[in-house]
Amino acid sequence: MTKRKPRSLKTGLPPGALIHVGERKTEQPYVTLVEYGPEKLTEHRFASVHDSRDHRPSQPVLWLNVYGLHEPEVLTEIGRRFNLHPLVLEDILNTDQRPKVDDYGDYLYLVACFFTYDSEHLSVSSEQVSLIIGQGFVLSFQERPTGNFDPVRERLRQNGGQIRKLGADYLAYALLDILVDRHFTVLEQIADRTEALEDELMGNVSPAMLQTLHQLKRDTLILRRAVWPLREVVNQLIRSGGPFFQPATQPYLRDIYDHTVHVIESLEAIRDLLAGMLDLYLSSVSNRLNQEVRALTVVAVIFMPATLISGIFGMNFRTMPLLDNPEGFLVALGMMAFIATTLGLTFWRRRWLG
Amino acid sequence: MTKRKPRSLKTGLPPGALIHVGERKTEQPYVTLVEYGPEKLTEHRFASVHDSRDHRPSQPVLWLNVYGLHEPEVLTEIGRRFNLHPLVLEDILNTDQRPKVDDYGDYLYLVACFFTYDSEHLSVSSEQVSLIIGQGFVLSFQERPTGNFDPVRERLRQNGGQIRKLGADYLAYALLDILVDRHFTVLEQIADRTEALEDELMGNVSPAMLQTLHQLKRDTLILRRAVWPLREVVNQLIRSGGPFFQPATQPYLRDIYDHTVHVIESLEAIRDLLAGMLDLYLSSVSNRLNQEVRALTVVAVIFMPATLISGIFGMNFRTMPLLDNPEGFLVALGMMAFIATTLGLTFWRRRWLG
Amino acid sequence: MTKRKPRSLKTGLPPGALIHVGERKTEQPYVTLVEYGPEKLTEHRFASVHDSRDHRPSQPVLWLNVYGLHEPEVLTEIGRRFNLHPLVLEDILNTDQRPKVDDYGDYLYLVACFFTYDSEHLSVSSEQVSLIIGQGFVLSFQERPTGNFDPVRERLRQNGGQIRKLGADYLAYALLDILVDRHFTVLEQIADRTEALEDELMGNVSPAMLQTLHQLKRDTLILRRAVWPLREVVNQLIRSGGPFFQPATQPYLRDIYDHTVHVIESLEAIRDLLAGMLDLYLSSVSNRLNQEVRALTVVAVIFMPATLISGIFGMNFRTMPLLDNPEGFLVALGMMAFIATTLGLTFWRRRWLG
Amino acid sequence: MTKRKPRSLKTGLPPGALIHVGERKTEQPYVTLVEYGPEKLTEHRFASVHDSRDHRPSQPVLWLNVYGLHEPEVLTEIGRRFNLHPLVLEDILNTDQRPKVDDYGDYLYLVACFFTYDSEHLSVSSEQVSLIIGQGFVLSFQERPTGNFDPVRERLRQNGGQIRKLGADYLAYALLDILVDRHFTVLEQIADRTEALEDELMGNVSPAMLQTLHQLKRDTLILRRAVWPLREVVNQLIRSGGPFFQPATQPYLRDIYDHTVHVIESLEAIRDLLAGMLDLYLSSVSNRLNQEVRALTVVAVIFMPATLISGIFGMNFRTMPLLDNPEGFLVALGMMAFIATTLGLTFWRRRWLG
Amino acid sequence: MTKRKPRSLKTGLPPGALIHVGERKTEQPYVTLVEYGPEKLTEHRFASVHDSRDHRPSQPVLWLNVYGLHEPEVLTEIGRRFNLHPLVLEDILNTDQRPKVDDYGDYLYLVACFFTYDSEHLSVSSEQVSLIIGQGFVLSFQERPTGNFDPVRERLRQNGGQIRKLGADYLAYALLDILVDRHFTVLEQIADRTEALEDELMGNVSPAMLQTLHQLKRDTLILRRAVWPLREVVNQLIRSGGPFFQPATQPYLRDIYDHTVHVIESLEAIRDLLAGMLDLYLSSVSNRLNQEVRALTVVAVIFMPATLISGIFGMNFRTMPLLDNPEGFLVALGMMAFIATTLGLTFWRRRWLG
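Chains as they are written, first to last, in my numbering: chain A, 8 to 361; chain B, 8 to 361; chain C, 8 to 361; chain D, 8 to 361; chain E, 8 to 361.
What follows is the structure, encoded as structure tokens:
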């Protein structure tokens, strides 16, 4: 459950009110710009939007990336130049969006999340990424510079594969591909922790394991809330991304779609496993209770009859058998041992047969 | 579960019978009227419907708001002027409607709820709102004056944003937007309470926490019953609100739709969390039982053998070893300590290994 | 679970075999006939079908109601006059039908149930009602005279509202409306009992409450089996009741549809609540077990060490400290109290911290 | 779970390999042949397929029934004459089919099961029936002669109802009707056993009841696996049985469909009930545990303090109060009684209030 | 849960990067080639792709099978000759695919798994198989030579059935048929183990059974994740395998489809059974706890009162009754026996009645 608080602060405000909703205002926001074609690639970095005012695009594909969302005026300026709907700008700033894609006619607005897993505290954190996919341009908005998109940047620079020959839709695919694949990283960490926990549960259980189990469940819940709509996003791109995605890019989208389904199924399998592990835990606790009650019974069965016998021979009746017999003491001890053994055996057998 | 009682009182009555079904008859009902266009805005307030009889609308958009539903004659009069179907009037008075939208050809009838959360008693209360959306007019009906719609009223007055330039459909959207966003407020309060409870459960559990858990579950149930149909309402407006909602308003409706989906998913996540917390609670109770039985066993293991030994040396046999030995007493105490320790260790080990 | 027995008796019989399947054969069956138009209304009552042989209908709308189904010949005669399919007659007699509507071209056959709740024995009983809706006529078949349809009969007589002006479809709607609304009555009784039980569970639990819980669950199961298909019935009337229901009646059907959805959601909410209450019950039982074990441990912790000390000073060693000391007795008592207190505190603390 | 073993033996064999998969090879297979029209009916019985070689059909409708499936050559011959697909023949012999209907253009292949319930061992057994429905002929294949179809045979002979006047599709319906109705018989037996068990659970529980519960669950599972696809089969006949089922037979199919839905709903209701009964059982076990622990506590509370007092007055201190007092003994007994009573009352009250 | 690790290593790589993802690099990969028509069949085996360079196909149907996937250059060469999409090659090497079929226009790419069950360690292992189905050719890729497809190879050689007369689509069906049928083998082993466990649970339970239960659940989870998408694969072949599958092959595909549904239903039935068995296990544990507490209570009830009596007569009061009475001792023993018996009976009865 990421922080939801600030949502309610916006109740009643007009739509398009550009207020940054989110907790992690990091550094100074900045903008990078990559333009490329099969032949050429140029890169720019602007510390403010004003710096970029005189820039004129010269290549077929333009990729503008914004790091840091807490200065609404950057967004306002970009929104003005690319003619973006006020609701899009509002959604970019609102960093608790669920993954979705909206078709605004001239461009697609797509929002999703990069997940990071802190395997020590077993907590999932996420960072929202917005993509605007238009004819010949892709705009990406991230909360802070994380280097997540660096592999694509590198492939563009090195002109590796066919990425420079294909259009903005292929670039969008490449970014989305990284985004989806990042889910695997988190999922694998959760799966490893889950399997480690399973092994621990096979041994001796402790309440701490239950906490871990609960925490892992929460993690899968968070991931699940993001992945199911993400699948729908990709599905929608395949079905109706028509004007923006060329037929040649379709197999790649289908490939991403398969990946999201793969993530979902692994996630559900982990969840099923966790559910089964709770049963394991609870019955381990029950079993241990049985053992403890049994231990108590054993103690009672051995010592209570013996204590009674000692009590009997400690009574102060004048006439009592055995008391004057030199072997009396040993006889009494023998009676104690005999009764305890007999009773112990009896209960043992009845319990095993019951 | 809001009060359902009065429903059954209406069995067999003809449809359109205007009987107020609901518990909170508040003050004297009154009617406010806002008319506006891009240029001008006029406001009126009528204590009774008769006062408004001579009023003639003069602006493109008319917004009539009614506070208080317990005087059916107000509704009858409004129904007559705006030509409303008897079933609509019946539904407005019937304050336990589930959210829905009905298309009556000349207007849409929409009903939903404002929720309020009492975080002390963990109880959700709701107030029904009916909207009638026609060409150039919006009628809204509330159970009592709560000021929920004041932000819109304010934006209209201040001519902020584009609200005065757009038509009645945008006004309807703005009202609906507030309505949906109010769910976030309640949801966040429930989520906060849930997370607080989760932290408490990590410590020592008490039956009161179970009551809280149960109460939170009930709250989510109530909210859920309202939000799922609300999503359907918005979805229906998008799909078939055709004649009443202009294309330019569509993205705004889609935005509300996203919000309802967001509410639903957060709600389901809270419900999943609550389900997991019940497991936490139950196994905490089990764990504590184990600890108590263990404590009991420890006591028995330490004292029963020692008691037996004291009993043995308290027997009245004439011939018993050690009794005359000056160190006898200490030997007996040593035996007690030795046996208790040995037994204790044995059970300890078996329980830890078992 | 209503009695299902007789069903299997019909295996292998030809379809349309008119055997009354049901338990409650009441009195002598009789037939009432109401004919009406905007101007006029006539009523007849026939003790047997033969009596009605010479009757000729004279008004636009005809409503024939049959009480008592155990004389198949009544049905045969009606079937012959209104040209009913043998399967329809079979279904009317078969009083464990699930709600459904079948379109036989010339008429619709609709079957549903009136429910009654015995809130003392927490049991739901039902009575089957069959409606045949044709052009200008409605036939209704009930198992016994219960007066369920009396409000409609009264409205017809008093010419209240518009019922006399509208056709047979509106009459069918009015009957169906009563039928659906009766579910609310039963539901509210179950809901009241459920909430009462919930309050009881907050106090001290007893096995009898579990019985009540189980019984309430059964009741909701029975109701649920009836309401889900009933919703489908109404939905089907709306979608394809075309030739029989005029457009003007559509809003009324939609209204009934909303009511069935309302019943379903309330029912599911009650079921969710009952499921949560079982958890409440079970953990109350667990909590009490903990308390009892704790009580036992307290007793053991206080008395076992003291008993040991008394045993020690009851040993017969010749040389023992304190025995000859005049304060010896008080010292021994002091030791008992001290050890019991110390031990008690220790376990107390460990259990609270554990 | 019927025996699934032989399935895997067929891995890798070519399709249409005629190997009988099933356990119950009964007697000598034989074939009966009924031909009829409105006027005439002839019956034949052949001990082998060779006997029937010279037979020429002479009536509009032909019904061939085969008992016993373990001689593949019988099937091969029939398959050759009626031009059946090899996969059909393979499916007929494979007696663990799930209910299905396949359209092979010239005929429909339908397979389903007759169920029998052994209410003593609570076990469901089944026998597969295959129907081939063509223009003017119905072929039926049963594992052994059980007389299940005798009522239809009898109606054909006695020319009762309209069965002789209608075609092969009505015959197919009549056979299917018996098949579906047989499910009611089994279901009613399971329902009776379930209700009997419910009554038993209201009294004192025993582990044997849990076994019964588990067995009943298994039975419903088996039935369920058969009935859900059966509903689909009937549904498919209604929707696309076009060339084989005449419009006049449609209402009859719809009637069967209603029956399958009825069976499914009763089955699911029983399953819900069984799930609730497990909760009843488990909490009865918990309740009893509470009672036992309470009994133990009562014993401890009464006897431990008294034992301590007796121990105290058994100590060998020289100076002790009361010992020389003639009422000392009674005072000691009084103290015992007083402390036990006080403690007992205290715990009693605390437990009832806790 | 097969190993998922290497997935995340591919994040950010361009699509089509041929890296073998999987653990079991076995021997030297090799390629077999079968070409056939109704008349003739030739077989080749190549140790490397270079050897096959000069080979020219001469028969209507070509089946190329590759064993071993760890040498990407083999795939690159085959991909070049058959004009395969880079994503297909990537998927073939990626051995943790979920079953799917992709239509690449010129060919279908299908991927699924052969399962093997280790019934000793209760673990499911799988081996990925990729099929490429084109006009006149089928390519199959396996991780290692297992002989799974040998029955088809044999049928081809012996010209058995009609396999040589039909085209590549029938060959694809034959391979798929073996693949689906292999699921039955695994399923039957799991079912046998499940039923064996069920019998064990009817006797005395041990924690090891819970482990087995958990393991069986995991196995069904793994199988389930493979079979549900496999059903979709076959369904897709039936619905839209159009250009590749001739109408005559359709019934065979439908037959495979039925088999996958059969596998799914058996699997779900086993899962339901396993869920029920967990309840059995848990209530057995509870029942045993009850028995143990009862045993403890019995011991306490018998010995505590007796011990008290012995303590009473061990007190040192000067004036006590019975002490001087020669029968005093026996009277005391009698009192012990009497009280123990009475108390025992009382608790017994109360517990049975409670």
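Just so you know, even glycine gets a beta-carbon here, dropped at the ideal spot from N, CA and C.
With respect to the C-alpha of Thr-102(D), the residue from Arg-88(D), Ala-119(D) and Pro-214(D) having the closest C-alpha is Ala-119(D). Contact annotation, Gly-318(C) with Ser-317(B): C-beta distance approximately 3 Å; criterion of less than 8 Å satisfied.
If you compare the alpha carbons of Pro-45(C), Leu-329(C) and Trp-355(C) with that of Gln-165(C), the shortest gap goes to Pro-45(C).
In this structure, DSSP gives His-92(C) a state outside helix and strand, which the three-state scheme calls coil. Under a criterion of Cβ atoms nearer than 7 Å, the residues of chain B adjacent to Arg-189(C) are, in order, Thr-18. Within 9 Å of the CB of Ser-290(B), the CB atoms of chain A belong to Pro-214, Leu-217, Leu-285, Tyr-288, Leu-289 and Val-292, in sequence order along the chain.
In this structure, DSSP gives Leu-129(E) a state outside helix and strand, which the three-state scheme calls coil. Taking a beta-carbon distance threshold of 8 Å, Arg-160(C) does not count as an interface residue toward chain D. Taken in chain order, the whole beta strand (DSSP E) runs of length 3 or more contained in the region 208-249 of chain E number zero. When only Cα atoms are considered, Asn-90(A) and Tyr-114(A) end up about 10 Å apart. Residue burial annotation: Asn-297(E) is buried, with at least 16 other C-beta atoms found within 10 angstroms of its C-beta. Closest option to Thr-18(B), judged by alpha-carbon separation, among Leu-287(C), His-266(C) and Phe-345(C): His-266(C). Excluding residues up to 5 positions away in sequence, Val-234, Trp-235 and Arg-238 lie with their Cβ nearer than 7 Å to the Cβ of Ile-271(A) in the same chain. Under the 8 Å criterion on CB atoms, Pro-21(A) is classed as interfacial with respect to chain B. Using a Cβ distance threshold of 8 Å, His-57(D) and Leu-40(D) do not count as a contacting pair. For Phe-310(A), the neighbours in chain B by C-beta distance under 7 Å run, in chain order, Met-311, Pro-312 and Leu-315. Taking a 10 Å sphere around the C-beta of Glu-80(A), we find fewer than 16 other C-beta atoms and assign the residue as exposed. Per DSSP, reduced to three states, the secondary structure at Asn-332(D) is coil, with no helix or strand assignment.
In its chain, beyond the 5 residues on either side, no residue has a beta carbon closer than 6 Å to the beta carbon of Ser-130(B). Rounded to the nearest whole angstrom, the CA to CA distance from Leu-208(E) to Gly-167(E) is 48 Å. Look at the beta carbons and you see the region 138-146 of chain B touching the region 66-82 of chain B: at least three pairs across the two are nearer than 8 Å. Put simply, of Asp-110(E), Phe-53(E), Thr-49(E) and Gly-283(E) the residue whose alpha carbon is nearest the alpha carbon of Ile-245(E) is Asp-110(E). With contacts defined as CB atoms closer than 8 Å, Ile-263(B) and Leu-183(B) qualify as a contacting pair. In the three-state reduction of the DSSP assignment, Ala-119(A) falls in the strand class. Taking a C-beta distance under 8 Å as the contact criterion, His-27(B) and Leu-100(B) qualify as a contact pair.
Judged by DSSP in its simplified three-state form, Gln-298(C) adopts helix. Counting along the chain, no alpha helix (DSSP H) covers Gln-149(B); the unbroken beta strand (DSSP E) around it starts and ends at 144-149. In summary, the residues of the region 83-109 of chain E whose CB is separated from some CB of chain A by less than 7 Å are His-92, Leu-94, Arg-105, Lys-107 and Asp-109, in the order they occur in the chain. Using a 10 angstroms sphere on the CB of Phe-345(B), the tally of other CB atoms stays under 16, which defines it as exposed.
Annotated three-state conformation of His-51(E) is strand, per DSSP. Put simply, the region 277-287 of chain D touches the region 216-229 of chain D. At least three CB pairs are less than 8 Å apart.
Taking 8 Å as the cut-off, the Cβ atoms of Leu-289(C) and Tyr-180(C) do not count as close.
Counting along the chain, the unbroken alpha helix (DSSP H) around Glu-161(E) starts and ends at 157-165. As DSSP reads the structure, Leu-138(E) sits in a beta bridge with Leu-117(E) and Ser-147(E). Taking a 10 Å sphere around the C-beta of Ser-126(E), we find fewer than 16 other C-beta atoms and assign the residue as exposed.
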